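Counting along the sequence shown from 1, when you hit position 37 you're at 37 in UniProt numbering, and nothing is skipped either side. Where a beta carbon is used, it is the ideal one built from N, C-alpha and C, also for glycine. Values in this document were obtained by computation on a predicted structure and should not be read as measured data. First up is the structure itself, then whatever we jot down about it.
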Amino acid sequence: MKTIKVLLSITLMTLIWGCSMKSIPEEKVYKNVDEMIAEARSLTSDMSVDDFHALMNSDSAYILIDVRLPEEHKKGFIPGSISIPRGVIEFRIASEKVWDEEGMYVPEKNEMLVLYCKKSKRGALAALALKQLGYINVKNINGGWTDWHAKYPEIKEDKIEAGAQVSAAAEEEESGGC
Numbered sequence: 001m002k003t004i005k006v007l008l009s010i011t012l013m014t015l016i017w018g019c020s021m022k023s024i025p026e027e028k029v030y031k032n033v034d035e036m037i038a039e040a041r042s043l044t045s046d047m048s049v050d051d052f053h054a055l056m057n058s059d060s061a062y063i064l065i066d067v068r069l070p071e072e073h074k075k076g077f078i079p080g081s082i083s084i085p086r087g088v089i090e091f092r093i094a095s096e097k098v099w100d101e102e103g104m105y106v107p108e109k110n111e112m113l114v115l116y117c118k119k120s121k122r123g124a125l126a127a128l129a130l131k132q133l134g135y136i137n138v139k140n141i142n143g144g145w146t147d148w149h150a151k152y153p154e155i156k157e158d159k160i161e162a163g164a165q166v167s168a169a170a171e172e173e174e175s176g177g178c
């Protein structure tokens, strides 16, 4: 009899717990990552490599963020870019520590943020995340580093010194900042 009561209690608790769990709404479940990226692109803005080159040579203000991994950034990056990987951009975009190390201030919500990754897929996801955080002027370079380097191979920097550009991020990771 005790066994039956225990089993009934466990079954009842499982049902209650299972029913109280919130599931992801069906309209937000994607068949694959390409579908997820397509939705992110539909909700954000891209700019071509040539449009960014023109912006780079203008007097317009912008902040350029490389959302690739630090190892990718070290191998080569668009001059003036700041490394904030896609996986932690939501945590670091408003971190005074990260921006102080770059000699910059935390970006305002209306400033132009230009993002790039290797091919522009992670950039689209990062752009959507920043938009969801209230940044209203976010652009993703369509084609990313791959298209930039193919079109403007002479306009790049690489082999940054150890500790430069990624040390605040590394220190924050060690402290459990994310």
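Excluding sequence positions up to five before and after Y105, its CB lies within less than 7 Å of the CB of W99, all in the same chain and listed in chain order.
Spatial neighbours of Y152 in its own chain (CB-CB distance under 8 Å, excluding positions within 5 residues in sequence) are listed in chain order as V49, H53.
T3 counts as exposed, since fewer than 16 other C-beta atoms from the protein chains shown sit within 10 angstroms of its C-beta. With the rule of 3 Cβ pairs closer than 8 Å, the region 59 to 71 counts as touching the region 101 to 118.
Counting the other CB atoms within 10 Å of its CB gives S81 a total of 16 or more, which places it among the buried residues.
R68 sits close to K118, with the two beta carbons spaced by under 9 Å. In this structure, P79 keeps its C-beta atom at 9 Å or more from the C-beta atom of I141.
Shortest Cα-Cα distance from L43 to any of A150, H149, L128 involves L128.
DSSP, read as helix, strand or coil, puts S60 in coil. Taking 9 Å as the cut-off, the Cβ atoms of S83 and F91 do not count as close. For a cut-off of 8 Å, the C-beta gap from L125 to R86 is around 6 Å, short enough to register as a contact. Residue environment: I136 is assigned as exposed (fewer than 16 neighbouring CB atoms within 10 Å of its CB, all protein chains considered). Just so you know, the alpha carbons of E96 and G103 end up roughly 10 Å apart.
A direct Cα-to-Cα measurement between V29 and L133 gives close to 21 Å. In this structure, DSSP gives K151 a helical state, which the three-state scheme calls helix. The C-beta separation of D34 from K139 comes to about 21 Å, leaving the pair out of contact by the 8 Å criterion.
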